[in-house]
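Just so you know, the sequence shown maps onto residues 56 to 235 in this note's numbering.
All C-beta atoms, glycine included, are put in the ideal place defined by N, C-alpha and C.
For clarity, every value in this text was computed on a predicted model and none was experimentally measured.
Reading through the structure tokens given below for one structure.
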Amino acid sequence: LIAISLVLIVLGLRSALPSQLYVPPIGSRLLAFLLLALAFLLFGAAKQPTSIKRLLRHPQLSGVIAWSIAHLMLNGDTRSILLFTWLAAWAALEIMFINRRDGAWVKPQAPSWGREAAGAVISLGIFLLVALQKGWRWLWLSWLLLTAFVATWLLLFNVPSERMASLQRVPVVQDHVDPE
56 LIAISLVLIV
66 LGLRSALPSQ
76 LYVPPIGSRL
86 LAFLLLALAF
96 LLFGAAKQPT
106 SIKRLLRHPQ
116 LSGVIAWSIA
126 HLMLNGDTRS
136 ILLFTWLAAW
146 AALEIMFINR
156 RDGAWVKPQA
166 PSWGREAAGA
176 VISLGIFLLV
186 ALQKGWRWLW
196 LSWLLLTAFV
206 ATWLLLFNVP
216 SERMASLQRV
226 PVVQDHVDPE
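See the structure below:
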């Protein structure tokens with residue numbers, strides 16, 4: 056069913072005549088590539104235990120929304136606008152319907168630091184391979200910025216409890232001496 060849907064999307068896109076509605080501003084490219092890298096990260100977070108799943112109930116659908124917004128920022132033709140607007144709308148509706156169906160959200164346990172880092176590296180590596188295949192010029196900067204963001208995230212929000220305890224300041228108690 057999914058394969059048939061994808062074939063129909065491709066056939067529909069190829070049969071439609073594109074017309075340019077707007078020219079994306081050049082300054083939006085970096086933000087769009089960051090959103091694409093974030094979309095890959097969210098897709099990777101959907102199938103394994105990550106801290107992202109503690110923040111977002113539906114990381115894969117959120118990745119579809121980020122992917123769609125990025126493509127709308129990069130493409131101003133009617134075919135792209137139609138496809139990516141409907142993809143974003145579908146993902147947003149799916150989030151609402153799933154939340155209504157499943158009820159209250161139970162957040163998962165925090166994963167280990169190594170597992171989180173491995174998932175981030177794999178997701179960003181796949182983004183890098185896709186971007187190199189596409190020949191994106193702003194790739195290195197967006198990849199560097201997102202890698203810095205992920206590293207900061209791991210250090211700030213996913214530090215194991217033993218390490219966190221050693222990083223906290225322990226107050227020094229001085230002996231009180233009576234001046235007698």
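For the pair of segments examined, the stretch 123-134 was found not to touch the stretch 56-63: the number of CB pairs separated by less than 8 Å stays below three. For N154, the enclosing alpha helix (DSSP H) stretches over residues T133 to D157. It is roughly 26 Å from the alpha-carbon of S60 to the alpha-carbon of Q103.
With contacts defined by Cβ atoms closer than 8 Å, F98 and S178 form a contacting pair.
Comparing alpha carbon positions, the residue from W160, L116 and W145 closest to A101 is L116. By the Cβ-count criterion, V119 is buried, with 16 or more other Cβ atoms from all chains shown falling within 10 Å of its own Cβ. In the structure shown, Q115 adopts helical secondary structure according to DSSP, grouped into three states. When the Cα atoms are used, A206 and W168 turn out to be separated by approximately 11 Å.
The beta-carbon separation of L138 and L68, rounded to 6 Å, stays under the 8 Å limit for a contact.
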